[in-house]
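Q:
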Amino acid sequence: MRISLLGIGWATASTLGTGKDAGAFSLAPGHFTEAVTNIRLDPPYPRFGRMDDVSKAALAAVVLAMKDAGLEKWDCKRAIGIIAATRTGCLKTDMDYFQDILSHGGGSASPHHFAYTLPSTFIGDASIYLGITGPGFVVQEKNTLSLTGLGLALDTICRGEAAHMVAGAYDAGIPEPLGFGEDSKPYAVFLVIGKAVPGRMGYGEIETAHRGTVRFRGKPIYNLLDILRADPFLSKKDSSNRKGIDPCRPGSL
Amino acid sequence: MPRVWVTHASAVTALGDTLDATWKGLLEGKTGIRRLRRFSTAPYPVGIAACIQDLDPGDSRSLIYDLIDRAMQNLPPLPKDTLLITATTKGPIDLMERVCRKTETGIETLLIPHLVASLSRKLKLQKSGFNISAACASSTVAISQACSQIALGKAEAVLVLCADLVSEFTFSGFSALQILSERPCAPFDRNRNGLSLGEGAAAILLMSPTRAKAEGLFPLATVCGWGVASDAVHITSPAKDGKGLIQAIKQALNIAGFSPDAISAVNAHGTGTVQNDRMELVAFHTVFGDRRLPIHSIKGAVGHTLGAAGGIEIAVSIRALQEKVIPPTTGFADPEPLGKGCIFSEPVMMPPGYVLTTNSGFGGVNAAIILGKGNAS
Numbered sequence: 001m002r003i004s005l006l007g008i009g010w011a012t013a014s015t016l017g018t019g020k021d022a023g024a025f026s027l028a029p030g031h032f033t034e035a036v037t038n039i040r041l042d043p044p045y046p047r048f049g050r051m052d053d054v055s056k057a058a059l060a061a062v063v064l065a066m067k068d069a070g071l072e073k074w075d076c077k078r079a080i081g082i083i084a085a086t087r088t089g090c091l092k093t094d095m096d097y098f099q100d101i102l103s104h105g106g107g108s109a110s111p112h113h114f115a116y117t118l119p120s121t122f123i124g125d126a127s128i129y130l131g132i133t134g135p136g137f138v139v140q141e142k143n144t145l146s147l148t149g150l151g152l153a154l155d156t157i158c159r160g161e162a163a164h165m166v167a168g169a170y171d172a173g174i175p176e177p178l179g180f181g182e183d184s185k186p187y188a189v190f191l192v193i194g195k196a197v198p199g200r201m202g203y204g205e206i207e208t209a210h211r212g213t214v215r216f217r218g219k220p221i222y223n224l225l226d227i228l229r230a231d232p233f234l235s236k237k238d239s240s241n242r243k244g245i246d247p248c249r250p251g252s253l
Numbered sequence: 254m255p256r257v258w259v260t261h262a263s264a265v266t267a268l269g270d271t272l273d274a275t276w277k278g279l280l281e282g283k284t285g286i287r288r289l290r291r292f293s294t295a296p297y298p299v300g301i302a303a304c305i306q307d308l309d310p311g312d313s314r315s316l317i318y319d320l321i322d323r324a325m326q327n328l329p330p331l332p333k334d335t336l337l338i339t340a341t342t343k344g345p346i347d348l349m350e351r352v353c354r355k356t357e358t359g360i361e362t363l364l365i366p367h368l369v370a371s372l373s374r375k376l377k378l379q380k381s382g383f384n385i386s387a388a389c390a391s392s393t394v395a396i397s398q399a400c401s402q403i404a405l406g407k408a409e410a411v412l413v414l415c416a417d418l419v420s421e422f423t424f425s426g427f428s429a430l431q432i433l434s435e436r437p438c439a440p441f442d443r444n445r446n447g448l449s450l451g452e453g454a455a456a457i458l459l460m461s462p463t464r465a466k467a468e469g470l471f472p473l474a475t476v477c478g479w480g481v482a483s484d485a486v487h488i489t490s491p492a493k494d495g496k497g498l499i500q501a502i503k504q505a506l507n508i509a510g511f512s513p514d515a516i517s518a519v520n521a522h523g524t525g526t527v528q529n530d531r532m533e534l535v536a537f538h539t540v541f542g543d544r545r546l547p548i549h550s551i552k553g554a555v556g557h558t559l560g561a562a563g564g565i566e567i568a569v570s571i572r573a574l575q576e577k578v579i580p581p582t583t584g585f586a587d588p589e590p591l592g593k594g595c596i597f598s599e600p601v602m603m604p605p606g607y608v609l610t611t612n613s614g615f616g617g618v619n620a621a622i623i624l625g626k627g628n629a630s
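Residue numbers (my numbering), protein chains in the order written: chain A, 1 to 253; chain B, 254 to 630.
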């Protein structure tokens, strides 16, 4: 089966972007807080302001990827799924939540805060916002940028369980004061894959080859960032009909 | 129909350390939900849960390792190329609590990938594997992915290890959501008023028939179909019309190549919350029409074991297929109107056919598995 890469969305500590901005993608130290503070989803998502930062960043990257693929608008719900890989997941939210319990007593726990102590909760938000009802879950492994989640998404399409899938990874690193080193270069990168969308140029074909090797545009890739770094990632011809936001100015999505 | 064999299934619950003990307790209508002593419940209006009393943290310092070790007892020798998939929502959450209390240091061991890698090393597997987190449907989603990998020929053997602990962390959250029952939960009872938390683990070994035969193993059961779907309605409440669960069940039926008539019993998620149980009955009624097939939940006996629930329930469903008996729904007495003639407080004979087992969770995730009988004695 020929499966196309239809859209890319990403968020880092300071920038957001889509496929056409892939050249601007770079991991930088910091926190998602800076990137997500000024995000305004269009149309608005009432819960967005109450989400934790890592969920906001992951949701924003998914929404950008769906917009990049031309799949953001909907009247009827669609069987599109989301598979997200992560290592640290919502660890900072977990620790903040439990610190509140210790500080104020268990009876003061916030149900809203508790809901975001699952790394998969943002997938529920994305499903609500984008009207998508396919399989949604999180894969937790040491190497978040490995291709496990993408491979499972490709398999889901190959088995006919969804026409399109969103696959990617997010990680906010180790929360302070436990660690703030190389791990804390937060990112959320999501890809939309599936059958080509009429009127939209895809970025190229993704296929699984012998022994699980994944190829993008015919070349083997070994992690998700290889796709963003593919050379040439986008020809001018491919990008001519694409719209994206300024990768350096988070704002209205 | 894809053929995936279950060649081993074990479960550890508050009813006992083996599937035999859990099965016996279920048939006797026992409950493991008791007064909680692991932490002070003074700040909370509810003080019960289904805990395993003698878990030992040992050198690992988290109870989850002992819990999983118990589930792995009596595993057959595993092929080195077995893919390991764990299913847990919070993993070593007790360690994280102690880090917050500053009685523990070190961050790496808090992370679920560390747990997965540790288990993989212990089992001497070639690859590390990964965890699947899908709220209270984690196990069911993990088993569906395991089956998909086998059906596609990408894996020949997959071990799914499912586990979650009772902790103050999760207890406080469910208490804040005001969905903890003051008495042991009563799934599908018209007077139910919430869930009871529990802890437990399961080990489910899945294989292609070819590989199982080569390993000298026989099927306890066959996984015939699986489905996963999202409600896209609410983060912590299920869709009232059950559409996500209906979609997951229909997908499982489609993969199996079955009509709904092939299903002869349902092991439901049945948490005991007003909204969940009503949603499930609406979904089952939509799929199966007026047919009164037996539906049961084990959560009144073992509590809601969160990410482990689906694995434990699949192990119990396999035993139900073998014994041709549906266990009672412990705690249930007076049915919801839609559940009349379907829910039982005593064991009932299972009609010939297949068992559907379902789970749903936060984020609106739903998952369904269809099991058929195997031929292993």
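Note that CB positions come from ideal geometry on N, CA and C, so glycine has one too.
Quick one: which unbroken alpha helix (DSSP H) runs of 4-plus residues sit fully inside the segment 143–228 of chain A? Chain order, please.
A: 148–158 and 224–228
Q: Is it buried or exposed, Cys76/A, if we count other Cβ atoms within 10 angstroms and call 16 or more buried?
A: Looking up residue 76/A in the first sequence gives position 76. With fewer than 16 other Cβ atoms within 10 Å, it is exposed.
Q: Evaluate Thr356/B with the Cβ neighbour count: other Cβ atoms within 10 Å of its Cβ, from every protein chain shown; 16 or more gives buried, anything less gives exposed.
A: Taking the second sequence and counting its residues from 1, the one referred to as residue 356/B is at position 103. Burial call: exposed.
Q: Using only the alpha-carbon positions, how far apart do Ala28/A and Glu34/A sit?
A: For the purposes of this step, residue 28/A is taken as the residue at position 28 of the first sequence. For the purposes of this step, residue 34/A is taken as the residue at position 34 of the first sequence. Near 12 angstroms, if we compare the C-alpha coordinates of Glu34/A and Ala28/A.
Q: Is the segment 361–376 of chain B close to the segment 87–102 of chain A, with three or more CB pairs under 8 angstroms?
A: yes
Q: Any beta carbon of chain A sitting closer than 9 angstroms to that of Gln398/B?
A: Numbered from its first residue, the second sequence carries residue 398/B at position 145. Flagged as an interface residue toward chain A: Gln398/B, by a C-beta distance shorter than 9 angstroms.
Q: Identify whether Trp276/B lies in helix, strand or coil by the three-state DSSP scheme.
A: Walking along the second sequence from the start, residue 276/B turns up at place 23. In this structure, Trp276/B counts as helix in the three-state DSSP scheme.
Q: Just to confirm the assignment, what range does the alpha helix (DSSP H) spanning Cys353/B have?
A: Within the second sequence, numbered from 1, the residue matching residue 353/B stands at position 100. That run of the alpha helix (DSSP H) goes Ile346 to Cys353.
Q: Quick check: the segment 545–559 of chain B against the segment 419–438 of chain B, are at least 3 beta-carbon pairs closer than 8 angstroms?
A: yes
Q: Any contact between the segment 314–324 of chain B and the segment 411–422 of chain B? By contact I mean 3 or more CB pairs, one from each, below 8 angstroms.
A: Counting C-beta pairs closer than 8 angstroms gives three or more between the segment 314–324 of chain B and the segment 411–422 of chain B, which meets the contact rule.
Q: Contact criterion: CB-CB distance below 9 angstroms. Does Ser313/B meet it with respect to chain A?
A: As a working note, residue 313/B is residue 60 in the second sequence. Taking Cβ atoms only, chain A never reaches closer than 9 angstroms to Ser313/B, which makes this a no.
Q: In the DSSP output, what is Trp258/B paired with across the bridge?
A: Here residue 258/B corresponds to residue number 5 of the second sequence, with the count starting at 1. Met460/B and Thr475/B.
Q: Indicate whether the contact test is met: 3 or more Cβ pairs, each with one atom in the segment 436–449 of chain B and one in the segment 584–599 of chain B, closer than 8 angstroms.
A: yes
Q: Pick out the complete alpha helix (DSSP H) segments inside the segment 314–383 of chain B, 4 residues or longer, and give them in chain order.
A: 316–325, 346–353 and 365–375
Q: Alpha carbon to alpha carbon, how far is Ala126/A from Asp319/B?
A: As a position in the first sequence, residue 126/A is number 126, starting the count at 1. As a position in the second sequence, residue 319/B is number 66, starting the count at 1. Their Cα atoms are separated by approximately 36 angstroms.
Q: Which residues, taken in chain order from the segment 416–441 of chain B, show a beta carbon closer than 7 angstroms to some beta carbon of chain A?
A: Glu421, Phe422, Ser425, Gly426, Ser428, Ala429 and Leu430
Q: Cβ atoms of Pro462/B and Ala410/B: under 9 angstroms apart, would you say?
A: Translated into positions along the second sequence, residue 410/B becomes position 157. Translated into positions along the second sequence, residue 462/B becomes position 209. No; because the gap between Cβ atoms is not below 9 angstroms, this pair is not in contact.
Q: Tyr129/A lies in the alpha helix (DSSP H); which residues open and close that run?
A: As a first step, residue 129/A must be located in the first sequence, where it is residue number 129. Per DSSP, Tyr129/A belongs to the alpha helix (DSSP H) from Thr121 to Leu130.
Q: For chain A, check one thing: does any of its Cβ atoms lie closer than 9 angstroms to the Cβ of Lys496/B?
A: Working through the second sequence from its first residue, we reach residue 496/B at position 243. So yes, Lys496/B belongs to the interface.
Q: Name the residue from Glu72/A, Thr37/A, Ile82/A and Glu161/A whose alpha carbon lies nearest to the alpha carbon of Gly189/A.
A: Residue mapping note: residue 189/A aligns to position 189 of the first sequence, counting from 1. The amino acid at residue 189/A is misidentified as Gly; the sequence shows Val. When only C-alpha atoms are compared, the closest one is Ile82/A.
Q: Report the partner residues of Gly625/B according to the DSSP bridge assignment.
A: Walking along the second sequence from the start, residue 625/B turns up at place 372. Gly625/B pairs with Thr475/B.
Q: For a quick check, are the C-beta atoms of Ile623/B and Ile128/A less than 9 angstroms apart?
A: Counted from its first residue, the second sequence places residue 623/B at position 370. Counted from its first residue, the first sequence places residue 128/A at position 128. Taking 9 angstroms as the Cβ cut-off, Ile623/B and Ile128/A do not qualify as a contacting pair.
Q: Whose C-beta lies closer than 8 angstroms to the C-beta of Val535/B among residues of the same chain, with five residues either side of it excluded?
A: As a first step, residue 535/B must be located in the second sequence, where it is residue number 282. Taken in chain order, the residues that qualify are Lys493, Asp494, Gly495 and Leu591.
Q: Between which two residues does the alpha helix (DSSP H) carrying Ala536/B extend?
A: Reading the second sequence from its first residue, position 283 is the one you call residue 536/B. Val527 to Phe541 is the extent of the alpha helix (DSSP H) around Ala536/B.
Q: Any chance you could list the beta strand (DSSP E) runs of at least 3 consecutive residues sitting entirely within the segment 38–94 of chain A, in chain order?
A: You should have 81–86.
Q: Alpha carbon to alpha carbon, what distance is there between Glu161/A and Pro135/A?
A: On the first sequence, residue 135/A is found 135 positions in, with the first residue counted as 1. On the first sequence, residue 161/A is found 161 positions in, with the first residue counted as 1. Distance between the alpha carbons of Pro135/A and Glu161/A: 8 angstroms.
Q: Could you give the distance in angstroms between the alpha-carbon of Ala115/A and the alpha-carbon of Tyr222/A?
A: Position 115 of the first sequence, counted from the start, is the residue given in the question as residue 115/A. Position 222 of the first sequence, counted from the start, is the residue given in the question as residue 222/A. The alpha-carbon atoms of Ala115/A and Tyr222/A are separated by roughly 33 angstroms.
Q: So, helix, strand or coil for Asn507/B, using DSSP?
A: Residue 507/B sits at position 254 when you count from the first residue of the second sequence. The answer is helix: DSSP assigns Asn507/B an H, G or I state.
Q: Please compile the residues from chain B whose C-beta is within a distance smaller than 8 angstroms of the C-beta of Met95/A.
A: The residue you call residue 95/A lines up with position 95 of the first sequence. Scanning chain B for C-beta atoms nearer than 8 angstroms to the C-beta of Met95/A yields Met349, Val352 and Cys353, reported in chain order.
Q: Could you name the residues of chain A that Lys593/B contacts, counting a contact when the two beta carbons are closer than 8 angstroms?
A: If you number the second sequence from 1, residue 593/B lands on position 340. Ordered by position in chain A, no residue passes the 8 angstroms Cβ test against Lys593/B, which lies about 30 angstroms from the chain.
Q: Could you tell me whether any non-hydrogen atom of the ligand MG is closer than 8 angstroms to the CB of Gln528/B?
A: As presented, the structure is devoid of all ligands, the ligand MG included, so that no description of it is given.
Q: Near Ala501/B, what residues of its chain come up, given a Cβ to Cβ distance below 8 angstroms and the 5 sequence neighbours on each side ignored?
A: For the purposes of this step, residue 501/B is taken as residue 248 along the second sequence, with counting starting at 1. Here the set comprises Gly480, Val481, Ala482, Thr611, Asn619, Ala620 and Ala621.
Q: Is it the case that the segment 594–606 of chain B contacts the segment 370–390 of chain B, given that we only count it when at least three CB pairs across the two stretches are under 8 angstroms?
A: no
Q: Starting from Ser397/B, follow the alpha helix (DSSP H) in both directions and report where the run begins and ends.
A: Here residue 397/B refers to the residue found at position 144 of the second sequence. Ser391 to Ala404 is the extent of the alpha helix (DSSP H) around Ser397/B.
Q: For Asn444/B, count neighbouring C-beta atoms within 10 Å of its own C-beta (all shown protein chains included) and say buried if the count is 16 or more, exposed if not.
A: To locate residue 444/B, count along the second sequence from 1; it is residue 191. With fewer than 16 other Cβ atoms within 10 Å, it is exposed.
Q: So, helix, strand or coil for Ala24/A, using DSSP?
A: Translated into the one-based positions of the first sequence, residue 24/A becomes position 24. Note: Ala24/A maps to helix in three-state DSSP.
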